[in-house]
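Each position in the sequence shown, counted from 1, maps to that position plus 598 in the numbering used here.
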Amino acid sequence: MDMYASMISRSKADIIILPETAIQTFAEFLPEHYLDDIINLAKLNHAELVVGLPRQINAAGDYVNSATVFTQAGYPYYAKAHLVPFGEYVPLKWFWGKVFSFANIPMTGFSPGSYDQAPLTLANQKLAFNICYENGFGSELINSAAQSTLMVNLSDMVWFGDTIAEDQHLQISQARALENQRYFIQATSTGLTAIINSNGQVVTKLPDFEKNILQDYVQGRVGVTPYQRYGNYPIIILSLMILGIAGLIRLFMARSMKKLS
Numbered sequence: 599m600d601m602y603a604s605m606i607s608r609s610k611a612d613i614i615i616l617p618e619t620a621i622q623t624f625a626e627f628l629p630e631h632y633l634d635d636i637i638n639l640a641k642l643n644h645a646e647l648v649v650g651l652p653r654q655i656n657a658a659g660d661y662v663n664s665a666t667v668f669t670q671a672g673y674p675y676y677a678k679a680h681l682v683p684f685g686e687y688v689p690l691k692w693f694w695g696k697v698f699s700f701a702n703i704p705m706t707g708f709s710p711g712s713y714d715q716a717p718l719t720l721a722n723q724k725l726a727f728n729i730c731y732e733n734g735f736g737s738e739l740i741n742s743a744a745q746s747t748l749m750v751n752l753s754d755m756v757w758f759g760d761t762i763a764e765d766q767h768l769q770i771s772q773a774r775a776l777e778n779q780r781y782f783i784q785a786t787s788t789g790l791t792a793i794i795n796s797n798g799q800v801v802t803k804l805p806d807f808e809k810n811i812l813q814d815y816v817q818g819r820v821g822v823t824p825y826q827r828y829g830n831y832p833i834i835i836l837s838l839m840i841l842g843i844a845g846l847i848r849l850f851m852a853r854s855m856k857k858l859s
């Protein structure tokens, strides 16, 4: 946490974004002074601050994987909607729950956020958030992206080590930037932290596994793209048409061969 506090104090950006689980405990359980300290550090630099951390959302103890905006007035947040089975929640809990309870694996009971969460406003921009591999499900991001001026992904890639997953994750974000025609900011703990322009091109990035600050300009954009309007339906229809045509050709060839024989 001290490392991130130092980075916040050195940043000159209007919006500061820390990665998924940058703080690995509930905001409610942090030392009282810590939140005030990082809020004040950002405020001194006239910056808005976003932090990835788990959030307890009710008295029953339910919690979400969040991208939380830290302000003096409150802590609005985006809650991850598409959770990872066995990593963030336990499917078929009546069966697998006993196994996970015995293994005492922490943080496997996240509650999902809604798929229709509105973008959060920071520095006069509307940011549509997604967390980790939510960026792989383009159709689930359409509604928030269409309302946004920027898209942001927070990720903790430490699970994947030094593998092609980091490059794959960045390429997926490039696809989301292109189809939504939005600048896409990707903040990761060990992966490829990057800024992608609205044409899907990487403007700048940090090497993986490097502790540093990535700072550059982004441009908010508005407007509805064909993908936001029609989603995956055109490609599904086209695929079905190709399959249908291929089936008809195969049927025609089979009948022709039968006549020749």
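Idealized CB from N, CA, C, for every residue including glycine.
Looking at GLU686, THR719, GLY734, the one whose alpha-carbon comes closest to that of ASP660 is GLU686. ASN797 and GLN622 have their C-alpha atoms roughly 34 Å apart. Within the segment 617-670, the complete beta strand (DSSP E) segments at least 3 residues long are 646-654, 661-668, listed from N- to C-terminus. The beta carbon of ALA785 is closer than 6 Å to those of ILE615, PRO617, LEU752, THR791 in its chain, skipping five residues each way along the sequence.
DSSP lists SER753 as the beta-bridge partner residues of THR786.
The alpha-carbon of PHE807 is positioned some 8 Å away from that of SER787. Here GLN766 is not near ILE794, since their CB atoms are 8 Å or more apart. For THR719, the pairing in a beta bridge is given by DSSP as LYS724. Cβ atoms of LEU681 and PRO717 stay farther apart than 8 Å, at about 20 Å.
In this structure, DSSP gives LEU681 a state outside helix and strand, which the three-state scheme calls coil. DSSP, reduced to helix, strand and coil, places LEU849 within a helical segment of the structure shown.
Residue state for LYS856 is assigned as helix, using DSSP reduced to three classes. Taking the C-beta atoms as reference points, ARG780 is found nearer than 8 Å to LEU748.
Looking at the backbone, the Cα of SER607 and that of ALA743 are separated by about 30 Å.
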